Structure formats: C-alpha cells, structure tokens
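Line by line, the protein sequences are chains W and G.
Position one of the first sequence corresponds to residue 877 (my numbering), numbered consecutively onward.
Position one of the second sequence corresponds to residue 600 (my numbering), numbered consecutively onward.
All residues carry an ideal CB built from backbone N, CA and C; glycine is no exception.
Treat the numbers as computed from the prediction; the structure is a model and nothing was measured.
Data block below; observations after.
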Amino acid sequence: MSSVTTATATTAVPPSKKPSTLTLDRVWLYAILLLFAFLFLMPIYVMVINSIKPLDEIRAGNLVALPLAPTLEPWVQAWSQAQIGVQATGLKPYFLNSFLMVIPAVLISTALGALNGYVLTQFKIKGGTLIFGLVLFSVFIPFQIVLIPMAKLLGELGMAGTVKGLILVHTIYGIGFGTLFFRNFYAAFPQELVKSARMDGAGFFVLFWRLMLPASLPIVVVNIIWQFTNIWNDFLFGASFSDYSSYPLTVALNNLVSSSTGVKEYNVHFAGAFIAALPTLIVYIVSGKYFVRGLMAGSVKG
Amino acid sequence: MAALTIQNVSKQFGATKVLHQISLDLADGEFLVLVGPSGCGKSTLMNIVAGLEEPSTGQVTLGARDITYLPPDERDVAMVFQSYALYPNMTVAQNIAFPLEMRKVPKADRVAAVKKVSGMLQIDHLLDRKPRALSGGQRQRVAIGRALARSPSLFLFDEPLSNLDAKLRVDMRAELKKLHMRTGVTTIYVTHDQVEAMTLGTRIAVLKDGLIQQLATPMELYERPSNLFVAEFIGSPSINTADATVDASGTVVLNGVSTGVTIDTAHAGKPVIFGIRPEDLIVVDDGAIDATVTLLEPTGAESYILVDTAFGEFTLRMPGPGDFNLGDRMKLSFAPSKVHVFDKATQLRLNT
Chain W
877 MSSVTTATAT
887 TAVPPSKKPS
897 TLTLDRVWLY
907 AILLLFAFLF
917 LMPIYVMVIN
927 SIKPLDEIRA
937 GNLVALPLAP
947 TLEPWVQAWS
957 QAQIGVQATG
967 LKPYFLNSFL
977 MVIPAVLIST
987 ALGALNGYVL
997 TQFKIKGGTL
1007 IFGLVLFSVF
1017 IPFQIVLIPM
1027 AKLLGELGMA
1037 GTVKGLILVH
1047 TIYGIGFGTL
1057 FFRNFYAAFP
1067 QELVKSARMD
1077 GAGFFVLFWR
1087 LMLPASLPIV
1097 VVNIIWQFTN
1107 IWNDFLFGAS
1117 FSDYSSYPLT
1127 VALNNLVSSS
1137 TGVKEYNVHF
1147 AGAFIAALPT
1157 LIVYIVSGKY
1167 FVRGLMAGSV
1177 KG
Chain G
600 MAALTIQNVS
610 KQFGATKVLH
620 QISLDLADGE
630 FLVLVGPSGC
640 GKSTLMNIVA
650 GLEEPSTGQV
660 TLGARDITYL
670 PPDERDVAMV
680 FQSYALYPNM
690 TVAQNIAFPL
700 EMRKVPKADR
710 VAAVKKVSGM
720 LQIDHLLDRK
730 PRALSGGQRQ
740 RVAIGRALAR
750 SPSLFLFDEP
760 LSNLDAKLRV
770 DMRAELKKLH
780 MRTGVTTIYV
790 THDQVEAMTL
800 GTRIAVLKDG
810 LIQQLATPME
820 LYERPSNLFV
830 AEFIGSPSIN
840 TADATVDASG
850 TVVLNGVSTG
860 VTIDTAHAGK
870 PVIFGIRPED
880 LIVVDDGAID
890 ATVTLLEPTG
900 AESYILVDTA
910 FGEFTLRMPG
920 PGDFNLGDRM
930 KLSFAPSKVH
940 VFDKATQLRL
950 NT
C-alpha cells in the first residue's frame, strides 16, 4: 500500500485542462446550420402566416409580417367552401380522392415490389438479371411518354376518368421502384437464414411472410414514404386521367389557384397549398428516422 | 437414425470442379468430421447432403431412401449453421418449434418437444427471449435445440463453433460430443479446425481441392497420414519436415546420416520428404542432429521449442516449461518407427 501512495505522490502530474467545447469551428458550424434551417423554414413560415391573414393585410404588401387580425376563415374556405368543380365543395372531396388513390396504390406496389425483390434475390431464376434490368427500365421512363398509350389502355379497360384508373397507373409505376428497393435490401439478407428455413420446411409464401417481411420494416417504410410522396404529389397523371369527380388533390389545388373568378384569394390559396402538403409532411415526420436507416441499409449492402 | 451413403458425388460450377467423385459411407450413429482448408469443397458436400445444392453426378442415400433430388425439408436432415441462422423475429421457443410447426405437428406436441429439448440444453430460462438478447453461446444452443427438436435421422453441423470465443468453443465442443453420445444420431460435422476434428470425430475425412485425401479414425490420421498434406494439416504444432534422399538399400538418408528407416528400394536415389512430429524428437547426448534453440513458446502444460538445424527449423514439444535457454546447443534423435516418409513428387506416404 505504502509503495503505491509514494509512487502517486512522486509522479503527480498537473491535470491538463479540459478543452473548451465552444471553438471557432463550432461557431461557424452552428452559423451555417442555422442559416440553412432558416432558408428551409422560411417558405413554411410565409405559408402559415399568410394563410391566417385576412386578404386586406396581404394586399397591403408585407408577406413576412405577422397577422394583425388572425383568422381561420381561409382554411375553412379552402377546405369546404371554395369553388373548384361544379359545386363549391372546397378541397375536401379531392382530399378524399387522393387518399382513395394513394393508399391502395402504395400498398399494392409495395407488396408486389417486396415479392419481386424476394424472388429475384432468393431464387436462382434464369434471366433474373435481365428481368430486373427491364423492371428498372420503368423507373427511368419519363411520365410523358406513357401518357397516350396509358390513356388508350384506361379507355379500353373502362377506367378512364376514375380513381381506379389512377390507382392502376400509379401501381404500375410504383412496382419499378419497389422492386429496386426490395431487391437491394434482400440481397444483403443472410443466406443461411433462408437455407435454414427451407430445411425446416418453410415453403415459398411461409418463408416470405414469416421470415423476410418481418425483417424488412426499414425498407417497407422507405418504400411507403417514397411511393406515398410521389403519388400524392403527382400532377401529370392526375390531370391527364381524371375528371371532375376523380381529381386528386394536386389537380384540385391547381384549379383553386388558377381558375378562381374575380379576386385572387391568396390567403385561401396558401391554406389550400398547406392542406395539400400536410399528409406528406406528417408521413416524413412520423417515419423519417426509419427512412434514413432503410436507405442506408439498402445502399451500403446493395 | 440411419446410415448415409454418398456415391461418386461430383459438383461443377461452370468449368470449375468443386468436388471430384466423392464416395463416403457412414454407419448408423457415426460422427464424421469433414475437415480441410477453405475452398476445399467441404461446405458444398454438406449442402448436397442437406439438399440445398444438387450434385452434378452421383447419388446420396439416407437409410433406405435415395435423397439425391429430394427437397431439403423432405430429407429428415437437420442442420446447424455457422451464423446460427436463428429467426430474428421469433422467440427462442418459436424458433425451436418452427420446424415442427412447418410439419404440422399439433401444438401440444410442439410444446412438449420445446420443453424436452430446452431442458436438455439448459436454455429453458431463455424461451421467451428474442435471439438478439442472447449471447453467442446461448444462440448456438438454441440452434442446436431447433435441430434436435424434430429428431432427424441425420445431423449436419457447418462450422458451428467458429463464431464463439476460445473458451466457450472448448466447452461447446465437449457438450456436442456428449450430446452425440446421448442421442446417437448420425452426424456430419464440417470444420477447418483440426483440433475440433480430432476431438469430435469417430472418423475424419480430410478434403483438399474437392478430393478426399484420407478417411480414417483420428489416431490413424495422426499416426499414419497418407500424404504430406494430411500430415501437415493434422497436428499442432505442425509436423517437422526436411528434404532427404534414399540410398541403394532403401534407407532414408537425412543430411548424410542414416535415419534407420527403410522403404522400398524402388525409390532408391529419389528425393523424399522426411517428417517427424514435434513430440517424437528427443534430446539425447549422442543424437545425430545438431540443434540450437532460437525461440521458446511456453503454453503452461507444455512448451514448444524452436531450434535451428542443418536442414531448417524444427519444433520440439516438451512437457512443462522445458529447461532450455535461447542459444542452447543440443543433440536430437528419434525412433525410426515415428518417422514419416513422403515422395517429394507425388507427396504420398512411402513407409508403412
């Protein structure tokens, strides 16, 4: 014991100072981050602020100023009273249309993408690489090219101008991306697990349902966010293949903004635009962390 | 439980031949170890037996059935993988019951099987946990439990211990051996670890480049390796080798000195390789080999002493710490019966 204490006494070293956490580098870092945060948040601020202003205050000219007499009237207008179609229904029915379109399209294309990815990675299929290449092709085809053939096809199927038709179009387009995501994710799936399950007697669908799918949450989330955002925000297909009864929200919003007679009600437009953006925002906020994680998983080991 | 026969099995991937006409016979209850360096084809052979790959030619029979082209789940074969391959989304109990569930075994029987197996492997306190909450050794037990639960006719182990730390590996090795003695299920065990091979196998097949180099009991493999590769692969530290010649009478001559070993005079004048195991070298005053100590490797129970000789570095195995210092000079000898002689060209064993 005594030798230990003398040793510490003789070798006592003055403690070094803990470095300050606030260095010049840090200050710069925060300044730049704050600047970008400001740039990204500014448009949202402008939208929210102006959507709760009476129209006179907007006309007065200052877009950035806080409202003097805040009101929810523009939101009510945009949601349920604005003239968009034949009747003054607001965005409400089109909001519903968009959901009726986006939910089945996302679910079906995710399911088919997952199944494709599973088959392409876990089974030795003749020409599998070629098939995957062709599926990938659909990811790169510009929307405009398929407009006329698709219009013809929807006409033949009797789905022109219906929500069902839009579901079909978006599902077909979604399969390409879904297959890409799931194939890359499943390519990194441990082979031994699949072998083990096959020896244990799991068949094609049991293996998929009981083993692959439960392990695919990150990539399922990525795919859902991706498809949801794309389909929700789509304007071209919506404008081309729907009519007054089946407009998705994006097309309705366009009609609201561009075709109002008389005065331009900017506050209502801001509110409408925000309503249209809300679902994608919520999807990102709720599942954003899975999105990043899933993208990493797919990209690193793809 | 059943006997396994592998007949003339070969496997080709494109132009590369991975297995060349492999034939093996396993008696009921036997524990065969397939050992060899990576890329020797041992895992491919196991996959063919498991049904995960098809052989290019040949036949595999288990019991009275030809299983060559049966799907893996109809073979009555269970396998334990190196990565354990536990289903991450299922609990331990669900993992063990999964193969039974797939075979539509009634629930009550499944529960009973899980109980029996988990008791045997001492994992009954882990049944409700997910695999990610288990240690490596526990995962290994669960994987073995899952294989045991369906009472297969044949067990396959694919390097099951190589992901465990050294201490646990030795413990699990002993447990696997006990388990085999208790259940008596015919087993094939793949490893690249020669110690595992020696301790576990009733017989060992040494594979290299898709060919069986030797198929024998562990002791026969150690004492009478049929070629230089087997001699060098089995045993740690490795066998000592040196170039030697054969004189007209068939005596093997090492560095101008007769070794006392005679082989067929047909080999007279040909270059051969002389081999001796580290424990068969003895230090004597009148030994024929001059040696200088260059390195000491004490392991506790025994020591390995590396010495320089006129024909290269040799290793000696001594009990205890070994009473030597670096630079010590000594004379070495050996009993002729302990010498292994291999043809330098064909690498085959020449002495009996």
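Item                                                                                                                                                                           : Value
In chain W, what lies closer than 7 Å to P698(G) by C-beta?                                                                                                                    : D1076, G1077
Along the chain, where does the alpha helix (DSSP H) containing G1123(W) start, and where does it finish?                                                                      : The sequence shown places Tyr at residue 1123(W), not Gly. Taken as a continuous stretch (DSSP letters only), Y1123(W) belongs to no alpha helix (DSSP H), as it is neither H nor E.
When burial is assigned at 16 or more other CB atoms within 10 Å of the CB, is Q721(G) buried or exposed?                                                                      : exposed
Please list, in chain order, all residues of the same chain as S655(G) whose beta carbon is under 6 Å from its beta carbon, the five residues on each side excluded.           : S609, K610, Q611
Does P891(W) get closer than 7 Å to chain G when you measure Cβ to Cβ?                                                                                                         : no
Measure from the C-beta of G1174(W) to each C-beta in chain G and report whether the shortest distance is under 7 Å.                                                           : At G1174(W) the pLDDT is 44, less than 50, meaning the model places this residue with poor confidence; the figure from the coordinates comes in the next sentence. So, not an interface residue.
Can you list, in chain order, the residues of its chain whose CB lies under 6 Å from that of P946(W), leaving out five sequence neighbours each side?                          : I928
Let me see if you follow: with CB-CB separation under 7 Å, is K1028(W) close to chain G or not?                                                                                : no
Applying the 10 Å Cβ sphere with the 16-neighbour rule, what's the burial state of Q813(G)?                                                                                    : buried
Alpha carbon to alpha carbon, what distance is there between L931(W) and L1006(W)?                                                                                             : 58 Å
In chain W, which residues lie with their C-beta within 9 Å of the C-beta of M701(G)?                                                                                          : A1073, D1076, G1077, A1078, G1079, V1082
Does any residue of chain W bring its CB to less than 7 Å from the CB of M678(G)?                                                                                              : yes
Looking at chain W, is there any beta carbon in it that lies within less than 7 Å of the beta carbon of A684(G)?                                                               : yes
Taking only beta carbons into account, state which residues of the region 635-664 of chain G come closer than 7 Å to chain W, listed in chain order.                           : A649, L651
Are the region 932-948 of chain G and the region 894-909 of chain G in contact at 8 Å, needing three or more beta carbon pairs?                                                : no
DSSP state of M797(G), grouped into three classes?                                                                                                                             : helix
Using a Cβ-Cβ cut-off of less than 7 Å, give me the residues of the region 1040-1068 of chain W that come near chain A, in sequence order.                                     : Absent from the structure: chain A. Protein chains present are W and G.
Can you give me the C-alpha to C-alpha distance between E822(G) and Q606(G), rounded to a whole angstrom?                                                                      : 28 Å
Rounded to whole angstroms, what is the Cα-Cα separation between T945(G) and M780(G)?                                                                                          : 39 Å
Tell me, please, whether the CB atom of Y1090(W) is closer than 7 Å to any CB atom in chain G?                                                                                 : Note that residue 1090(W) is Pro in the sequence shown, not Tyr. Interface residue, yes.
Let me check understanding here. Comparing Cα to Cα, which of S902(G), V679(G), D672(G) lies closest to S835(G)?                                                               : S902(G)
With DSSP run on the structure shown, which of helix, strand or coil describes E831(G)?                                                                                        : helix
Kindly identify the DSSP beta-bridge partner or partners of Y1166(W).                                                                                                          : Per DSSP, none; premise fails for Y1166(W).
Does the beta-carbon of Q998(W), which I'm using as the reference point, lie nearer than 6 Å to any heavy atom of the ligand MN?                                               : Only the bare structure without any ligand can be found here, which leaves the ligand MN out of the picture.
Look up A981(W) in the DSSP assignment and say whether it is helix, strand or coil.                                                                                            : helix
Return the Cβ separation of T643(G) and L618(G) in integer angstroms, given the expectation that the two are a contact with Cβ distance under 8 Å.                             : 6 Å
When burial is assigned at 16 or more other CB atoms within 10 Å of the CB, is V1011(W) buried or exposed?                                                                     : buried
Taking Cβ-Cβ distances shorter than 9 Å, what residues in chain W pair up with N854(G)?                                                                                        : Near N854(G) there are no residues of chain W at all, since even the closest Cβ is about 51 Å away, more than 9 Å.
At 4 residues or longer, what runs of the alpha helix (DSSP H) sit wholly inside the region 1058-1136 of chain W?                                                              : 1067-1076, 1093-1109, 1112-1117, 1125-1134
Chain W beta carbons: is any one of them nearer than 7 Å to that of N688(G)?                                                                                                   : yes
For the region 1012-1028 of chain W and the region 1112-1128 of chain W, state whether three or more C-beta atom pairs, one from each stretch, are separated by less than 8 Å. : yes
Would a C-beta distance cut-off of 7 Å place L753(G) and L651(G) closer than the cut-off?                                                                                      : no
Grouping DSSP H, G and I as helix and E and B as strand, with all else coil, what is I862(G)?                                                                                  : coil
Output, in chain order, the set of chain G residues within a Cβ distance shorter than 8 Å of L1087(W).                                                                         : Y686, N688
Is the region 681-697 of chain G in contact with the region 732-747 of chain G, if contact means three or more CB pairs nearer than 8 Å?                                       : yes
Spatial neighbours of S848(G) within its chain, please: CB distance less than 8 Å, with the 5 preceding and 5 following residues excluded, ordered by chain position.          : T861, T864, A867
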